[in-house]
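Worksheet: the structure to be examined is printed underneath.
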Amino acid sequence: MTDGLTSQEARERLARDGPNDIEPSRRSGFAALVRNVAHEPMFLLLLAAAALYLLIGELSEGLLLGGFAVVTVGLVIVQQRRGDRALDALRALAVPYVRVLRDNQWVRVPAAEVVAGDAMLIGEGERIAADVQLRECTALECDESLLTGESVSVPKQVGDAAYAGTLVVAGHGVAQVQATGLRTRMGAIGASLERIDLAPTPLQQTLARVTRWLAVLAFILSVLLAVWLGIGSRNWLQGALAGIAFGMSMLPEEIPMVLTVFLAFGAWRMASVKVLARRPAAIEALGAATVLCVDKTGTLTENRMKLVGIVLPGSPAAHDPIDDALPVRTALLCAMLASRRGTLDPIDRAILGTGEGLLHQHWALAREYPMTPKLPAMAQAWLRADGTVEVAAKGAPEAIASICRLSADEGSRLHRQVEELANRGLRILAVARAIAPRSEALPSLHELDFSLLGLLAFEDPLRADVPDAVATARKGGIEVAMITGDHAATARAIARQAGIDTSAGVMTGDALEALDDQALARVTRRVRVFARVTPLQKLRLVKAFQANGETVAMTGDGVNDAPSLKAAHVGIAMGVRGTDVAREAAGLVLLDEDFTRIVDGVRLGRRIDDNLRKAIFYIVAIHVPIAGLAFVPVMLGMPVLMLPIHVVLTEMVIDPLCSFAFEGVPEAQSLMSRRPRPRDAHAFRWQSLRGGLVAGLLLLLSVLGVWGIALANGGTADEARTLAVCALTVGNLSLVWMLARPQGARSAFASWPLVIVTAVSVMVMTAGVLLPGARELLRFAPVNGPGLLAAMALGIAAAVGGGLVAVRTQRMDLPGENSLVDLAQARH
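Below, the structure written as structure tokens:
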């Protein structure tokens with residue numbers, strides 16, 4: 074085997090050759106961002122309005138609108154950069170790790186730090202991080218379709234080359250890195266692996282379509298309005314400005330940006346609780362999860378396996394693993410011979426750590442028998458000094474019993490021993506040994522004459538915070554199902570400690586196999602603990618839960634878990650012990666393999682959904698009065714109320730409020746006491762739209778009332794406009810404060826962005842009313858104090874009414890407080 078590198082050599086080569094990375098930066102340059110914004114309808118309308126003002130000699134208005142066009146570009150760039158920074162942080166977390174030999178020790182390093190000359194471990198389910206040459210391998214096969222297009226796996230032998238980006242589909246080995254980064258075959262052809270999937274979610278696609286249709290509708294109506302006013306008043310310039318103002322008021326250009334920002338920052342917030350969102354759609358789905366299907370080892374437990382006892386055949390008690398008695402040492406040595414060295418598997422590490430120094434260093438590995446779904450046991454054959462072969466096997470007790478050909482009495486005795494240990498929550502493996510003559514082709518395990526050497530008892534304590542997390546999930550209407558390959562008694566004991574429902578008993582993989590799909594769907598309405606389950610059976614369980622209308626989140630880490638991870642609404646891969654195949658199939662990756670992180674992710678998913686509903690409600694509500702004020706007075710033959718500059722000023726408030734203020738609203742106190750929302754009940758649905766339309770109509774009527782009363786009492790158009798725009802501004806801000814206040818919060822304070830935007834808006838409104846230059850620019854006029862206060866009071870009253878509509882809409886749109894009894898009855 075190659076000796077690998079020292080840390081100093083690795084640093085020098087990394088500095089010389091650069092990082093092992095062929096993925097180009099996704100971040101758009103400044104010029105590209107400006108070009109994208111220049112094609113936006115809002116930007117084009119701003120430029121058109123500015124040009125019209127300049128043509129008629131209104132220099133100040135033209136320059137101001139031109140300045141607002143620049144500000145619009147700046148806002149988009151700021152939002153894009155914030156999203157880029159959040160995604161860059163996610164990509165840093167998504168970088169895969171590999172195992173290399175440094176300073177004569179196997180260590181995990183980011184794939185980007187692999188250098189030429191490194192000795193690297195590769196195994197089933199992993200993507201090879203660089204171009205390598207194989208130094209050792211056992212039954213190794215690679216899928217090179219990414220490079221060749223051929224879907225047939227390629228067998229590999231010592232001395233063969235393997236390439237960056239190709240997938241190990243079977244076996245394992247040790248390889249020496251030959252080329253990294255752009256010097257690899259993949260780098261030479263310009264290919265790259267996707268680490269974060271930025272494909273638009275179904276909700277993003279829906280909103281994009283709605284926005285495009287509204288843009289077309291706004292264009293048609295604004296042209297008709299301009300023609301109507303031009304013909305009626307013979308003032309085509311005024312008609313054009315009114316049409317532009319109406320078109321700007323109709324464009325909900327905030328919606329796509331808001332959703333992008335919410336999902337980007339939602340993914341960033343999830344990363345802060347050690348949950349990496351590879352696909353934005355997973356964020357939407359996680360908040361709606363009704364069933365969490367989780368593995369036991371490492372997720373509910375600490376994954377700190379400790380070998381606590383060895384039980385010999387026929388012995389009533391467990392022996393200390395380091396007991397000097399020959400049968401105990403023989404059983405431990407056999408377990409070590411059946412374990413892989415240099416692995417991250419906690420069972421193998423616990424065994425090898427316990428018996429360090431017992432191995433025969435001069436023995437050579439002759440063959441490896443990998444674990445299969447039909448025989449959950451693995452074995453390794455070793456060439457002994459006397460020329461014979463010793464085959465050491467370890468695995469599930471029933472699997473080892475099947476290759477040992479135990480008598481009925483021996484099988485019953487073994488079963489009782491296993492049950493006694495498993496009832497204490499211990500994980501149990503059996504070990505057996507066979508001696509065979511040396512031959513070119515060793516027989517299969519069932520053809521060898523195995524002798525049972527004993528049982529190994531491992532302790533893997535439950536994580537201390539799991540019971541509280543399970544209780545939180547169940548309070549939030551989420552059932553937790555434990556799916557494990559362990560013994561049924563072990564699964565039952567751990568489930569009880571965790572607070573998972575065991576009242577319907579434990580279903581084993583054998584019992585599951587005997588059921589058809591309909592019967593299994595009925596079983597999953599009650600049973601929450603599944604033991605001795607194979608990865609293929611996990612897929613059936615996912616489909617069974619889905620057949621009952623559940624939104625399923627499933628954890629997995631192995632190659633065979635990929636189908637169930639893909640089939641689940643939310644696939645959650647293990648970040649440390651998970652294979653690359655599992656991570657690529659999953660929408661979420663658990664960076665800290667702890668069940669509480671999943672519950673934290675659900676909490677954040679619900680918070681994102683809540684705040685997105687508020688933002689969309691607000692966007693709909695505020696666009697109704699803006700569009701109505703630009704349209705209604707003109708159609709009634711009254712003076713024009715909303716000019717482009719007024720629409721732009723309002724939009725300058727809406728954009729940052731939606732993108733920053735609503736995204737940062739803290740979670741409601743009742744967030745994890747509610748049932749999950751239906752999976753198809755996304756934020757942009759009729760219930761939310763109807764509430765927003767009603768709230769917007771209230772604000773529109775109040776502002777039109779201010780406008781009409783002012784004109785009826787002899788006020789000029791500029792005086793009426795001053796009062797109406799002030800009422801709209803105050804009503805707008807009041808509505809935001811009502812929506813952004815967290816449900817159940819003791820303080821009205823929501824977020825700093827909201828405070829800043831409110832302060833700036835009030836200052837601009839005050840300047841427009843009090844300063845002569847600003848009044849002229851905004852087409853305002855001096856107004857008396859009582860009239861201004863009355864106008865603002867009407868705006869606030871309308872906003873309060875809109876806020877009450879929002880509260881009612883939220884209560885109707887979201888599930889109510891969860892009752893475990895009601896939920897159980899509904900499921901059964």
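In our numbering, the protein residues as written are 74 to 901.
Yeah, the Cβ is synthetic: ideal placement off N, Cα and C, and Gly gets one too.
Going straight from the alpha carbon of Asp216 to that of Val654, what length do you get? 12 Å
Please confirm if the stretch 515-525 is in contact with the stretch 570-587, defined as three or more CB-CB distances below 8 Å between the two stretches. no
Closest by C-alpha distance to Val672, when choosing among Ala544, Gly787, Ala398, Leu529: Ala544
Taking the runs of the alpha helix (DSSP H) that are 4 residues or longer, which of them lie wholly in the stretch 448-487? 470-477
Inside the stretch 488-552 only - beta strand (DSSP E) runs reaching at least 3 residues: 500-509, 524-532
Considering only C-alpha positions, which residue in the set Gln230, His488, Asp583, Val798 is nearest to Ile473? His488
Quick check on Thr403: does DSSP put it in helix, strand or coil? helix
With burial defined as no fewer than 16 other Cβ atoms inside 10 Å of the residue's Cβ, what is the status of Asn805: buried or exposed? buried
For the alpha helix (DSSP H) containing Ile671, name the first residue and the last one. 668-708
Are Lys467 and Ala411 close, meaning C-beta to C-beta below 8 Å? yes
Could you give the DSSP three-state label for Lys347: helix, strand or coil? coil
Checking 8 Å against the spacing of the C-beta atoms, do Leu373 and Leu502 come in under that value? no
Excluding the 5 residues flanking Phe704 on each side, which residues of the same chain have their C-beta closer than 7 Å to its C-beta? Leu298, Phe319
The beta strand (DSSP E) spanning Asp216 covers which residue range? 204-216
Pro419: buried (16+ other C-beta within 10 angstroms of its C-beta) or exposed? buried
Could you tell me how far apart the beta carbons of Ala450 and Ala469 are, in whole angstroms, since I believe they sit closer than 8 Å? 6 Å
Between the alpha carbons of Ala832 and Trp825, how many angstroms are there, rounded? 11 Å
Enumerate in chain order the residues of its own chain whose CB-to-CB distance from Leu87 is below 7 Å, with the five nearest sequence positions on each side excluded. Glu186, Val188
When DSSP builds the beta bridges, which residues end up paired with Tyr170? Pro183
Please classify Thr628: does DSSP put it in a helix, a strand, or coil? strand
Going by DSSP in three states, Glu199 sits in which element: helix, strand or coil? coil
Are the beta-carbon atoms belonging to Glu463 and Leu499 less than 8 Å from one another? no
Taking DSSP as the reference, what is the three-state secondary structure of Leu353? In the sequence as presented, Leu is not what sits at residue 353; that position holds Pro. Looking at Pro353 - three-state DSSP - the assignment turns out to be helix.
With DSSP run on the structure shown, which of helix, strand or coil describes Pro855? coil
At the level of alpha carbons, what is the spacing between Leu207 and Ile195? 10 Å
Less than 7 Å between C-beta atoms, sequence neighbours within five positions excluded: which residues of the same chain meet that for Ser98? Unreliable positioning characterises Ser98 in this predicted model, as indicated by a pLDDT of 47, which lies under 50. A coordinate reading is not provided.
Nearest by alpha-carbon distance to Ala800: which of Pro845, Ala355, His719, Ser295 is it? His719
Would you list the residues sitting across from Gln249 in a DSSP beta bridge? Ala192, Gln206
Leaving out the 5 sequence neighbours to the left and right, which residues in its chain are closer than 7 Å to Ala571 when beta-carbon positions are compared? Leu373, Leu535, Val539, Pro540, Val543
What would DSSP say about Lys611, mapped onto helix, strand or coil? helix
How many Å lie between Leu808 and Val798 at the Cα? 15 Å
Of the choices Pro706, Lys687, Gly846, Gly737, whose alpha-carbon is the least far from that of Ala337? Gly737
Please state if the CB of Val364 and the CB of Ile551 are separated by a distance shorter than 8 Å. yes
C-alpha distance - Ala562 paired with Lys369, whole-angstrom precision: 13 Å
Below 8 Å between beta carbons: does that hold for Gly778 and Leu867? yes
Start-to-end residues for the beta strand (DSSP E) that takes in Met647: 643-647
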